[in-house]
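Residue 37 is where the sequence shown starts when you use this note's numbering, and the numbers rise one by one after that.
For glycine and all other residues, C-beta sits at the position ideal for the given N, C-alpha and C.
See structure below.
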Amino acid sequence: MNYYTDAVRYTQVRVLEVAASESASSSSSLTSSTSHSHGDVLVRSQVVGFKKIKFFTNETIGDGKLDLPENEMHTTSYWITLERPLLESLPFSISERQSGMFGLLYALESVATLLLMCDRRDLGTAIGENPPSLRESVALSEAKGLNPASLNLPRETEFFEPNLYLFDAYPGGIGFSEPLFRAHDVLMQKTRELISSCECEQGCPSCVGPAEGLLPRAKEAALAILHGLCA
Ligand SMILES: [Zn+2]
37 MNYYTDAVRY
47 TQVRVLEVAA
57 SESASSSSSL
67 TSSTSHSHGD
77 VLVRSQVVGF
87 KKIKFFTNET
97 IGDGKLDLPE
107 NEMHTTSYWI
117 TLERPLLESL
127 PFSISERQSG
137 MFGLLYALES
147 VATLLLMCDR
157 RDLGTAIGEN
167 PPSLRESVAL
177 SEAKGLNPAS
187 LNLPRETEFF
197 EPNLYLFDAY
207 PGGIGFSEPL
217 FRAHDVLMQK
227 TRELISSCEC
237 EQGCPSCVGP
247 AEGLLPRAKE
257 AALAILHGLC
267 A
């Protein structure tokens, strides 16, 4: 067997209580600002499918549906809120922006794992609406490389002001969120270095994730979002 099987999860995060929040107004624009926070969240996730991934190349060679019960977990999270003006200022299509966000989150998780000296599995990721809209904020995480059409997952929903979540993947949290919140600037800077110094053209597992799960301009879009965050 030259492949392994990975779960495809459908994850929703709801903020229960904000412990601290900091906004960074951009100096280059009066309208653009972003913020980062940490606090208590409720994470709902469900395994909705699986994909077969080839060793070494990380290429997806197959996928399928699964119907497992939903899981609910109260934990802690660090998150970044991307405000509307920032997203609208980016010269990309809606789907390129979405793909860029997923790519950026993938890279943030890699850097956070290094900073915390933890395992990738200790952190969960999700993208959701801030504040949660009436239609529940929904995010597809860990689903890169999967054909969303085959699983009937919403993909083209445009987030108005998305939150990029990095949450503790254990009930109650294990103390990663506050350190990540405090390390925000370093996290941004290191993530930028990671993506911009990577020699791949359109994304790879070392930076924004395997290219086949992303749109061609996702790497570019991820960098543009980061640029907006650091400005
Ligand atoms: Zn790369």
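Annotation: the continuous alpha helix (DSSP H) that includes THR149 extends over 130 to 152. MET37 and VAL44 have their alpha carbons spaced roughly 20 Å apart.
Closest in C-alpha terms to ASP42, from the list GLY100, THR70, HIS220, comes GLY100. In this structure, the alpha-carbon of GLU237 lies about 9 Å from that of PRO252. For SER113, the enclosing beta strand (DSSP E) stretches over residues 107 to 118. With a cutoff of 7 Å, GLY239 counts as near ligand 1, since its C-beta is closer than that to a heavy atom of the ligand. Distance from the Cα of GLY208 is smallest, within the candidate group LEU151, ASP158, SER135, TYR39, for ASP158. Under the 8 Å Cβ criterion, the segment 146 to 160 counts as touching the segment 199 to 207, having at least three qualifying pairs. When the beta-carbon positions are compared, THR47 and SER81 come within less than 8 Å of each other.
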